[in-house]
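Working notes, structure below.
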Amino acid sequence: MISRANQGLSHLLLSRLFQAGLVAWLVGTLTFVLTRTLPGDMAYRIAAGRYGHDMVDGAAAEAVRAELALDQPGLSAYVGWLWDLLQLDLGRSLVSGRPVIQELSHQLGHSLSLAVIAVLLSLLIGPPLGLAAGRKPGGVLDRVSEVAASVLRALPAFAVGLLLIMLFAVTLGWLPAAGHGGTAHTVLPALTLALGLAAVSSRVARNAMAEVSHSAYYAFSHTKGLSARQSFWRHGLRNASVPVVAYLGVQFVYLIEGVVVVETLFAWPGIGHALVHAIVARDVPMIQGTALVMGLLFVLLNTAVDITCYLLDPRRRRA
Amino acid sequence: MMPAFSSSSTASRKASSPLRRYFTSLTVRQRWGAGLLLLLLAFAWLVPWLSDADPARQQLTRILQAPSLAEPFGTDHLGRSMLARLASAIQLSLGMALLSVATAAIPGVLLGVMAGWRGGWCDRVLGSIADACLALPGLLLVLLLVAIAPGNFWALYVGISLVLWIEYFRVVRARTQALVTSPQIEASRLLGFGPVMLFRRHLWPELAPQVFTLAAFGAASAILAMAALGFVSVGLRPPTAELGLMMIELLPYYHEAPWAMAQPIIVLFVVVLSLNLLAGKDPR
Numbered sequence: 001m002i003s004r005a006n007q008g009l010s011h012l013l014l015s016r017l018f019q020a021g022l023v024a025w026l027v028g029t030l031t032f033v034l035t036r037t038l039p040g041d042m043a044y045r046i047a048a049g050r051y052g053h054d055m056v057d058g059a060a061a062e063a064v065r066a067e068l069a070l071d072q073p074g075l076s077a078y079v080g081w082l083w084d085l086l087q088l089d090l091g092r093s094l095v096s097g098r099p100v101i102q103e104l105s106h107q108l109g110h111s112l113s114l115a116v117i118a119v120l121l122s123l124l125i126g127p128p129l130g131l132a133a134g135r136k137p138g139g140v141l142d143r144v145s146e147v148a149a150s151v152l153r154a155l156p157a158f159a160v161g162l163l164l165i166m167l168f169a170v171t172l173g174w175l176p177a178a179g180h181g182g183t184a185h186t187v188l189p190a191l192t193l194a195l196g197l198a199a200v201s202s203r204v205a206r207n208a209m210a211e212v213s214h215s216a217y218y219a220f221s222h223t224k225g226l227s228a229r230q231s232f233w234r235h236g237l238r239n240a241s242v243p244v245v246a247y248l249g250v251q252f253v254y255l256i257e258g259v260v261v262v263e264t265l266f267a268w269p270g271i272g273h274a275l276v277h278a279i280v281a282r283d284v285p286m287i288q289g290t291a292l293v294m295g296l297l298f299v300l301l302n303t304a305v306d307i308t309c310y311l312l313d314p315r316r317r318r319a
Numbered sequence: 001m002m003p004a005f006s007s008s009s010t011a012s013r014k015a016s017s018p019l020r021r022y023f024t025s026l027t028v029r030q031r032w033g034a035g036l037l038l039l040l041l042a043f044a045w046l047v048p049w050l051s052d053a054d055p056a057r058q059q060l061t062r063i064l065q066a067p068s069l070a071e072p073f074g075t076d077h078l079g080r081s082m083l084a085r086l087a088s089a090i091q092l093s094l095g096m097a098l099l100s101v102a103t104a105a106i107p108g109v110l111l112g113v114m115a116g117w118r119g120g121w122c123d124r125v126l127g128s129i130a131d132a133c134l135a136l137p138g139l140l141l142v143l144l145l146v147a148i149a150p151g152n153f154w155a156l157y158v159g160i161s162l163v164l165w166i167e168y169f170r171v172v173r174a175r176t177q178a179l180v181t182s183p184q185i186e187a188s189r190l191l192g193f194g195p196v197m198l199f200r201r202h203l204w205p206e207l208a209p210q211v212f213t214l215a216a217f218g219a220a221s222a223i224l225a226m227a228a229l230g231f232v233s234v235g236l237r238p239p240t241a242e243l244g245l246m247m248i249e250l251l252p253y254y255h256e257a258p259w260a261m262a263q264p265i266i267v268l269f270v271v272v273l274s275l276n277l278l279a280g281k282d283p284r
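From first to last, the protein sequence lines are chains A and B.
Residue numbering for the first sequence follows UniProt numbering, beginning at 1 and increasing consecutively.
Residue numbering for the second sequence follows UniProt numbering, beginning at 1 and increasing consecutively.
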């Protein structure tokens with residue numbers, strides 16, 4: 001039984017590892033295409049970024065051209081590009097001139113803390129609300145939370161963020177509107193992401209709970225003499241939590257997309273903000289680095305979801 | 001789309017009957033969605049027809065004017081008519097949504113039917129292509145494509161379609177796999193009907209409601225993606241009237257003209273809400 005269980009888990013991890021490789025290849029290939037299709041002389045642009053526009057001359061551009069293999073034919077340059085990526089040699093930012101890895105390690109912490117706080121906050125808001133609503137489908141709480149969820153789902157993350165800024169920062173003046181500093185700065189961006197996530201997870205939890213409370217084993221737990229509270233804690237919670245956690249994997253798409261937009265809105269010094277800046281400034285090594293890290297973060301979060309589902313639901317281990 | 005097939009069997013009825021029957025088959029929620037969407041469409045196409053306001057014409061002597069009789073929605077920070085800009089933005093959003101949903105749905109459904117029907121290597125190859133497209137979160141893929149061709153409508157469109165087709169493919173494949181082994185299809189096949197007939201008679205009527213739901217959700221996410229890119233200023237470029245772009249352009253003028261800032265947000269909300277309502281239940 002144990003060896004079989006481990007086999008299932010290792011198969012799962014292997015497919016996620018494969019996905020991580022795919023992410024790296026996709027990001028590498030797309031950014032390589034980007035370097036080749038940039039208008040103007042790429043070597044000259046990079047040299048200008050590195051030494052400043054006044055200092056750059058033909059010789060400097062030639063040196064860069066040789067260094068980045070821009071004078072080589074497409075295929076060998078492509079292989080070299082992927083080889084560098086494989087060695088985690090992401091190059092230097094064309095804007096700041098610092099190694100991309102250094103910039104990323106600084107930004108990743110900020111993005112991760114925002115994402116983790118947002119997910120935790122959404123888990124505090126969404127599932128409890130959904131579970132409470134699912135115990136009485138069609139009740140007042142169920143209706144109110146359904147309307148709230150539909151409204152939130154029709155608003156994109158940046159519009160929610162704007163409305164929160166206007167309410168809490170501009171009108172009430174309780175919280176800072178943007179930037180990064182103490183705990184107060186974290187509240188609005190994290191809440192923006194959490195509300196979007198909770199809008200979905202509350203409905204998933206509500207449907208799961210409604211299904212559980214109609215199931216035969218739940219009826220039996222009442223029959224054998226457990227109180228409503230006991231049967232909820234022993235049989236309801238764990239069964240209802242499986243779809244909620246499984247759906248988190250789908251929601252991470254929203255989270256990663258939301259991080260890009262929300263960090264830009266709140267001027268949060270994370271990876272999403274850096275990605276948008278890199279695209280505007282056409283800073284290719286930074287585009288590659290930030291997209292790569294966000295893609296890998298997505299895979300990592302999904303792996304965490306897979307493992308949690310695996311631990312929560314023993315039925316999955318046999319499959 | 002859907003009623004066309006059911007109406008062929010009852011061709012003697014009045015011409016309006018399939019449409020009416022389709023409408024009565026909708027739930028109350030879906031009717032609200034359809035009504036809102038029709039209102040938006042009417043607004044977007046009637047405004048340019050009834051007024052001669054140009055969404056790009058600047059009048060710097062009349063900036064940030066409050067709504068009045070002459071300018072029912074006021075003017076923005078460059079004195080452009082908000083009415084004309086909103087109408088043009090709705091046209092752009094809905095046009096883009098329609099285009100990307102159509103280009104995602106047609107190959108998605110066809111490939112899904114192929115993979116579900118044929119199985120074997122065909123299924124495996126198409127399945128891995130779909131997985132590859134989903135390895136990156138959708139917006140990230142669109143962002144990378146937009147980085148290659150900045151400010152280009154077609155890059156946005158290709159990126160969004162590339163992300164959207166997978167949902168059709170997956171849902172249709174799963175449904176087809178179940179249907180292909182069903183007795184009615186087997187019977188039709190034994191009677192000698194070809195694949196086109198089988199698809200029209202047996203597969204499409206079963207698939208259509210789900211494809212329709214996915215199409216409505218897909219349109220909503222295409223519109224949201226375009227607005228999000230406009231909002232972080234990597235999407236379409238000014239002076240295009242685009243909802244996300246309008247929000248970020250009007251953000252600095254929040255104090256002087258909160259109503260101007262609110263308009264694109266409300267419009268985007270109503271567009272997405274109408275599509276979400278029309279979609280009905282989420283099949284995923």
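Just so you know, even glycine gets a beta-carbon here, dropped at the ideal spot from N, CA and C.
- Task: List the residues of chain B whose Cβ lies closer than 8 Å to the Cβ of A159/A, in chain order.
- Result: Close to A159/A, with beta-carbon spacing below 8 Å, are these residues of chain B in chain order: M247, I265, L268, F269.
- Message: Can you pull the chain B neighbours of S145/A, defined as C-beta to C-beta under 8 Å?
- Response: From the beta-carbon of S145/A, no residue of chain B is found nearer than 8 Å; the closest lies around 16 Å away.
- Query: If we ignore side chains and look at the alpha-carbon of each, how far apart do H235/A and T223/A end up?
  - Reply: Their backbone Cα atoms lie some 13 Å apart in a straight line.
- Contact check, A205/A vs G134/A, beta carbons under 8 Å: Yes, the pair counts as a contact, with Cβ atoms nearer than the cut-off.
- Query: Which class does S51/B belong to by DSSP, given the choice of helix, strand or coil?
  - Reply: In the structure shown, S51/B falls within a coil segment according to DSSP collapsed to helix, strand and coil.
- So, are the CB atoms of L195/A and L248/A less than 8 Å apart? No. Outside cutoff.
- Using Cβ-Cβ distances below 8 Å, what residues of the region 284-311 of chain A are close to chain B? From the region 284-311 of chain A, only I287, A291, M294, G295, F298, V299 have a Cβ closer than 8 Å to chain B.
- Query: CA-CA distance, P209/B and V113/B?
  - Reply: If you take the alpha carbons of P209/B and V113/B, they lie about 15 Å apart.
- Item | First through last residue of the alpha helix (DSSP H) which encompasses L179/B | Note, L179/B: alpha helix (DSSP H), 153-180.
- Taking the alpha helix (DSSP H) that H185/A falls in, what are its first and last residues? From DSSP, the alpha helix (DSSP H) with H185/A extends over 183-213.
- Item | Cross-chain neighbours of R153/A in chain B, by beta carbon under 7 Å | Under the 7 Å cutoff, chain B gives N276.
- Message: Considering only their Cβ atoms, is the gap separating R57/B from T75/B smaller than 8 Å?
- Response: Taking a C-beta distance under 8 Å as the contact criterion, T75/B and R57/B do not qualify as a contact pair.
- Query: Do L129/A and S145/A have their C-beta atoms within less than 8 Å of each other?
  - Reply: Taking a C-beta distance under 8 Å as the contact criterion, L129/A and S145/A qualify as a contact pair.
- Message: Using 8 Å as the threshold, is the C-beta distance between G218/B and A104/B below it?
- Response: Contact: yes.
- Considering only C-alpha positions, which residue in the set Y310/A, N207/A, I279/A, V261/A is nearest to S111/A? Of Y310/A, N207/A, I279/A, V261/A, the residue nearest in Cα terms is V261/A.
- Which first and last residues belong to the alpha helix (DSSP H) in which P128/A is found? Annotation: the continuous alpha helix (DSSP H) that includes P128/A extends over 100-135.
- Task: Could you check what DSSP says for S25/B in three-state terms: helix, strand or coil?
- Result: Correct three-state label for S25/B: coil.
- Message: Can you tell me whether R92/A is helix, strand or coil according to DSSP?
- Response: Under the three-state reduction of DSSP output, R92/A falls in the strand class.
- Item | Length of the line joining the Cα atoms of I165/A and L179/B | If you take the alpha carbons of I165/A and L179/B, they lie about 51 Å apart.
- Query: If we count the other Cβ atoms within 10 Å of its Cβ and call it buried at 16 or more, is L292/A buried or exposed?
  - Reply: By the Cβ-count criterion, L292/A is buried, with 16 or more other Cβ atoms from all chains shown falling within 10 Å of its own Cβ.
- Task: Can you tell me which of the three DSSP states A291/A falls into?
- Result: The answer is helix: DSSP assigns A291/A an H, G or I state.
- Task: Please classify A11/B: does DSSP put it in a helix, a strand, or coil?
- Result: Per-residue confidence for A11/B stands at a pLDDT of 42, beneath the threshold of 50, marking its modelled position as unreliable; no derived number is given.
- Message: Determine, for L30/A, whether the minimum Cβ-Cβ distance to residues of chain B falls below 8 Å.
- Response: Answer yes: the Cβ-Cβ gap between L30/A and chain B drops below 8 Å somewhere.
- Message: Give me, in chain order, the residues of the same chain whose beta-carbon lies closer than 8 Å to that of C309/A; leave out the 5 immediate sequence neighbours on both sides.
- Response: So the qualifying residues of the chain are V242, V245, A246, R316.
- Query: Within this structure, are the beta carbons of P55/B and R80/B separated by less than 8 Å?
  - Reply: Yes. Within cutoff.
- Task: Please list the partners that I166/B has in chain A, where partner means a Cβ-to-Cβ separation under 8 Å.
- Result: Under the 8 Å cutoff, chain A gives no residues; its nearest Cβ is about 12 Å from I166/B.
- Task: Look at the Cβ atom of L255/A, then the Cβ atom of L191/A, and state whether they are nearer than 8 Å.
- Result: Their beta carbons are not under 8 Å apart, which means L255/A does not touch L191/A by this criterion.
- Query: How would you list, in chain order, the residues of chain E whose beta-carbon sits under 7 Å from the beta-carbon of V23/A?
  - Reply: Considering every chain present, this structure includes no chain E. Its protein chains are A and B.
- Task: Evaluate the contact criterion for the region 34-44 of chain B versus the region 85-98 of chain B: three or more CB pairs, one atom per stretch, below 8 Å.
- Result: Contact between the region 34-44 of chain B and the region 85-98 of chain B is present, because at least three Cβ pairs lie under 8 Å.
- Message: Let's see if you can read the secondary structure: which residues bound the alpha helix (DSSP H) around E249/B?
- Response: In this chain, the alpha helix (DSSP H) harbouring E249/B covers 243-250.
- In chain order, what residues of the same chain have a beta carbon less than 7 Å from the beta carbon of L145/B, not counting five sequence neighbours either side? Here the set comprises A155, V158, G159.
- Message: Restricting to Cα atoms, I'd like to know which of T27/B, A84/B, E71/B, W32/B is closest to P48/B.
- Response: Considering only alpha carbons, the answer is A84/B.
- Message: So the candidates are G35/B, L278/B, L136/B; which of them puts its Cα closest to the Cα of L300/A?
- Response: Checked all of G35/B, L278/B, L136/B; the closest Cα to L300/A is L136/B.
- Looking at the structure shown, is S227/A part of a helix, part of a strand, or coil, going by DSSP? In this structure, S227/A counts as coil in the three-state DSSP scheme.
- Is T240/B helix, strand or coil by DSSP? T240/B falls in the coil class under three-state DSSP.
- Query: Within 8 Å (strictly less), CB to CB, does Q156/A reach chain B?
  - Reply: Sequence inspection shows Pro at residue 156/A; the Gln mentioned does not correspond to that position. So, interface residue.
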